[in-house]
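Novice: Residue numbering for the sequence shown follows the numbering used here, beginning at 54 and increasing consecutively.
I'd like to ask you about the structure that follows.
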Amino acid sequence: MIKKMRALKFLGTLLLVISLLVGCNFNNKKTKEIKEETNEMNEPITVIYKVASRYFIKNDVDELPNKINSREEFEKYFGAATVMGEDGKPTPIDFEKEYVIAVTVKASNKSIELQPISLTKIGEEINFNFSVIEGGENSYTTRPVLIIIVSNKTEGNVNVNPIKTVLDEHNAKNSLDWNGKYEGVLPCADCEGIKTTIQLKDNGTYIMTTKYLGKKEEDIVEGSFKWDVAGTIITLLNNEKELYKLKVIEGAIQKLDVEGREITGELAKLYFLHKK
């Protein structure tokens, strides 16, 4: 009888321990699920995108949808603005794998630029923040447009959020002694470097001399340049083809990538030309 009572007592204790372990694992699993759901709902995830260039918005377009999924729909709103040269072609868009987020503003005689700030996803919502940079008045009317390309793997409802940017009156264009000659050696994929000299003139023109190290020949290009609305970045033009985008800073100019963003990484410091 005593042995039977001891066996029952042991069995009861064992069942209690098992129930506690099962309950603990269940609670841990539930807590993990709740935490993952909370992270998914509350923490924004940065979404990779690329900016499309060489497109213009058609004159008869009043509004743009936030999301464009097909080429047929895209061509209802945009035309291609191809110029001479390989770099003058519109950015290719593969609508089988990608979709487009496009934003614009009303036509105006003011200088207006649209620049991307961030693209994030929270739950099922995709939020695109972009800046609307407004400058001075022109003698003509323009309607800027900003197009970004996103992978179809990023699904959700697209929201666009314009953020008006107030320009700093003391920018590089009107505060720095930017005219003059800049020199340096830019990185080269298949050579030791490209010795580059750029002379910026007050009248909005430039002369650029480039020489591949190890070779005797020099290439001289002349043309005009234009400032962005913020007065910090210039674009070198040659026969309407954009050659370089350059950020103007105190005593130097910094070569940017084709989208006007700073080049990062180990070679970043090599993309500066210093004033002589």
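Every residue, glycine too, gets a C-beta built ideally from N, C-alpha and C.
(1) Do you know offhand how far N162's Cα is from A242's?
(2) Relative to the alpha-carbon of E275, which residue among P240, G257 and N227 has its alpha-carbon at the smallest distance?
(3) Return helix, strand or coil for A321, following the three-state DSSP convention.
(4) Taking the alpha carbon of I201 as the reference point, which residue from D310, K322, V104 and L299 has its own alpha carbon closest?
(5) What three-state label does DSSP hand I316 in the structure shown?
(6) Going by the beta-carbon positions, is the gap between V156 and I179 smaller than 8 angstroms?
(7) Please report the straight-line C-alpha distance between E295 and I98, rounded to a whole angstrom.
(8) Span of the beta strand (DSSP E) holding A133?
(9) If you check the beta carbons only, do K269 and I286 fall under 8 angstroms apart?
(10) What's the gap between the Cα of F79 and the Cα of I302?
(11) Can you tell me whether K308 is buried or exposed? The criterion is at least 16 other CB atoms within 10 Å of its CB, across all chains shown.
(12) Ignore the nearest five residues each way along the sequence and tell me which others in I216's own chain have a CB closer than 8 angstroms to its CB.
(13) If contacts are defined as beta-carbon pairs under 8 angstroms, then L290 and K279 qualify, I think. What distance do you get, rounded to the angstrom?
(14) Helix, strand or coil for F148 per DSSP?
(15) For the alpha helix (DSSP H) that contains A225, what are its first and last residues?
(16) According to DSSP, what are the bridge partners of F109?
Specialist: Straight from the coordinates:
(1) Distance from the CA atom of N162 to the CA atom of A242, rounded to whole angstroms, is 42 angstroms.
(2) G257
(3) helix
(4) Closest in C-alpha terms to I201, from the list D310, K322, V104 and L299, comes V104.
(5) Note: I316 maps to coil in three-state DSSP.
(6) Not in contact: V156 and I179 (Cβ atoms no closer than 8 angstroms).
(7) 33 angstroms
(8) Per DSSP, A133 is one residue of the beta strand (DSSP E) stretching across F131 to A133.
(9) Not closer than 8 angstroms, so no.
(10) Residue placement at F79 cannot be trusted, given a pLDDT of 47 that sits under 50; what the coordinates show is reported in the next sentence. Roughly 59 angstroms between the two C-alpha positions.
(11) buried
(12) I170, N182, F183, S184 and V185
(13) 7 angstroms
(14) coil
(15) A225 to S228
(16) G132
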